[in-house]
Amino acid sequence: MIQDIGEKRLINEFRAKTPSSGSIMMMFFEEEILLKSKTPLEFPLFMDLRGKYARMGRPFPACVFLFSVGTDDYFLVSAPKSSKGDWEQEGYSFSRMFGIRALFPKERVFAASTAWHLYCWYRDHRFCGRCGGALEHGGKQRVLHCRICGNMVFPKIAPAVIVGVTWGDKILMTKYAGREYKKYALIAGFTEIGETAEQTVEREVYEEVGLKVKNIRYYKSQPWGFDENLLLGYFCDADGQEEIHLDCEELSVAEWVPYDKIPDDESGLSLTAEMMTHFRDSRMRR
Ligand SMILES: [Zn+2]
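Here's what the structure looks like:
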C-alpha cells in the first residue's frame, strides 16, 4: 500500500527545523504540485529554489517543516499563485495531485500525498473559526494557535471505512457515480459523529446497496492524504440475502464478483485494491 515504503519510514514527529540545501520543498498551486521531474518523481530542493529567489531579487517565502522520509526532510513552501508561470519558464512542471499516484518511486508518492494533506490543513485554517483572529504556528507541536481567544486547532483527519462485503466466494465491487476514479472500488464512506467504525460499516452498506451485514472483521488501516482520510478496512458477510438495491446517487455499478475474476493489484497503493486481492488469494488457498 502507499504507506509501505520499506526501510524509509515516515518520521512525522514535529520539529522546529529550517531547510538546508538538500531539503525537499513541496509547493502547491490549487490542485497541482510543483515537480522537478516526473520520471522518476522528483521535487525541487531548497538549493534550487533559493538560487531562483536570489536571481529574482525576492525574499524566500515562508516555509514550514512537514516530516522526514528516511534522511530526507520535507518542507511546505507558501508561494503565491501569481508565481506559477515563473516556474514553467524555469523548466519545472506541475502535476495534478490525482495524477501523482501513477508515478514512481512510491515513497515520494506517499510523501506527496502526506504533504498535500498537511498543505490542505494549513491552507484552510488561516483564521480562527471561533473568533476570526489570525492563527499562528505552534512552535513545539503541530498545532495552530489563536492569540486572541486561545483556540488551538489540531490537524484534521477524516476517518472513513472501506468495506469488503462477501457472499460465499463473491465480493461486492462497485463503481462510483460522477467521480474521476473509474475503476472497481469497494463500498466506502465517512464515519459520522457519534458512531463506531463498525456502525459506519453497517450504515454505509445499507445506504449504498440495501444489504444487512454480519461478522464484521477489521483488516488494516491506511493514511490517504489525497482526500485527508484515515481509511479503516473491514470485511463482513451479507446477512441473509444477496439482492442489491443500488443507491444511484452514490454508485453507478454494484455487482457480486467471483474471487477468480478479481484482477491483480498493479499499483500496490490502495487499501481497496489490497483488500480485493487479499480476498481472492485467501479463497484460492482453500
Ligand atoms: Zn480565536
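Position in the sequence shown (first residue = 1) + 114 = the working numbering. Glycine included, every Cβ here is placed at the ideal spot set by N, Cα and C. For clarity, every value in this text was computed on a predicted model and none was experimentally measured.
Starting from the Cα of residue i, find the closest Cα among the options and give me that residue.
i: Phe268; options: His239, Gly303, Arg400, Glu121; result: His239
i: Phe174; options: Lys150, Phe208, Met139; result: Met139
i: Phe189; options: Glu146, Ile301, Asn126, Phe208; result: Asn126
i: Leu344; options: Phe128, Val275, Arg215, Pro133; result: Val275
i: Arg261; options: Phe179, Gly247, Leu286, Gly136; result: Gly247
i: His259; options: Cys242, Trp235, Glu145, Ala272; result: Cys242
i: Lys289; options: Tyr333, Trp370, Leu149, Arg237; result: Trp370
i: Glu312; options: Trp338, Pro273, Lys296; result: Pro273
i: Ala176; options: Gly165, Asp162, Ser192; result: Ser192
i: Thr185; options: Met389, Ala225, Arg244, Asn329; result: Ala225
i: Arg222; options: Tyr167, Ser151, Phe160; result: Ser151
i: Cys245; options: Met266, Arg129, Lys122; result: Met266
i: Phe179; options: Glu342, Val257, Thr391; result: Val257
i: Pro372; options: Ala291, Glu357, Leu286; result: Leu286
i: Leu383; options: Ser227, Pro133, Trp201, Arg397; result: Ser227
i: Arg123; options: Val183, Cys263, Asp162, Gly171; result: Val183
i: Arg331; options: His392, Asp351, Gly136; result: Asp351
i: Gly213; options: Gln355, Leu148, Leu300; result: Leu148
i: Thr153; options: Phe142, Ala216, Asp378, Asp118; result: Ala216
i: Asp378; options: Phe393, Lys131, Gln203; result: Phe393
i: Lys131; options: Ser196, Glu322, Gly252; result: Gly252
i: Leu300; options: Phe157, Ile376, Lys220; result: Ile376
i: Asp374; options: Lys195, Gln203, Ser396, Thr310; result: Ser396
i: Thr305; options: Lys296, Glu318, His359; result: Glu318
i: Thr280; options: Asp361, Trp338, Gly354; result: Gly354
i: Ser137; options: Tyr167, Thr314, Phe181; result: Phe181
i: Glu322; options: His359, Thr314, Lys328, Gly308; result: His359
i: Arg210; options: Glu146, Asn329, Leu346; result: Glu146
i: Asp283; options: Lys166, Met390, Arg169, Gly324; result: Met390
i: Trp235; options: Leu155, Ser134, Phe142; result: Phe142
i: Ser196; options: Ala168, Arg164, Gly171, Glu144; result: Glu144
i: Gly292; options: Leu365, Ser134, Gly171; result: Leu365
i: Ile271; options: Gly165, Leu346, Phe157; result: Leu346
i: Leu325; options: Phe340, Asp361, Pro337; result: Asp361
i: Pro219; options: Ser381, Glu388, Arg400; result: Ser381
Taking the beta strand (DSSP E) that residue i belongs to, which residues open and close that run?
i: Asp186; result: 186 to 191
i: Lys166; result: Not the beta strand (DSSP E): Lys166 falls in the alpha helix (DSSP H), residues 160 to 170.
i: Ala352; result: 343 to 352
i: Met139; result: 138 to 143
i: Met287; result: 284 to 290
i: Ala368; result: 365 to 372
i: Ser182; result: 177 to 183
Assuming residue i is part of the alpha helix (DSSP H), what are its boundary residues?
i: Ile301; result: Segment 301 to 304 is the beta strand (DSSP E) holding Ile301; no alpha helix (DSSP H) there.
i: Phe393; result: 385 to 398
i: Arg317; result: 311 to 323
i: Phe212; result: 211 to 214
i: Gly199; result: 198 to 203
Based on the DSSP output, what are the partners of residue i in its beta bridges?
i: Thr153; result: Looking at the DSSP assignment, Thr153 forms no beta bridge with any residue, so it has no partner.
i: Gly106; result: Only positions 115 to 400 of the chain appear in this structure, which leaves residue 106 out of reach.
i: Ser335; result: Leu346
i: Pro273; result: Leu344
i: Phe208; result: Leu148
i: Lys328; result: Asp351
i: Tyr125; result: Rather than Tyr, the amino acid found at residue 125 in this sequence is Ile. Paired residues: Ser182.
i: Met266; result: His259
So that I know if they touch, is there some Cβ in chain D lying closer than 8 Å to that of residue i?
i: Thr280; result: Going by chain labels, chain D is absent from the structure shown, which holds only one protein chain.
Is the closest heavy atom of ligand 3 to the C-beta of residue i under 7 Å?
i: Gly278; result: This structure simply doesn't include ligand 3; it includes ligand 1 instead.
Exercise. Report all residues for which the CB-ligand distance to some heavy atom of ligand 1 is below 5 Å; order them along the chain.
Key: Cys242, Arg244, Cys245, Gly247, Cys260, Ile262, Cys263, Asn265
Self-check item: Every unbroken beta strand (DSSP E) inside the region 221 to 263 [3 residues or more]
Solution: If we require 3 residues or more, the beta strand (DSSP E) runs fully inside the region 221 to 263 come out as 249 to 251, 258 to 260.
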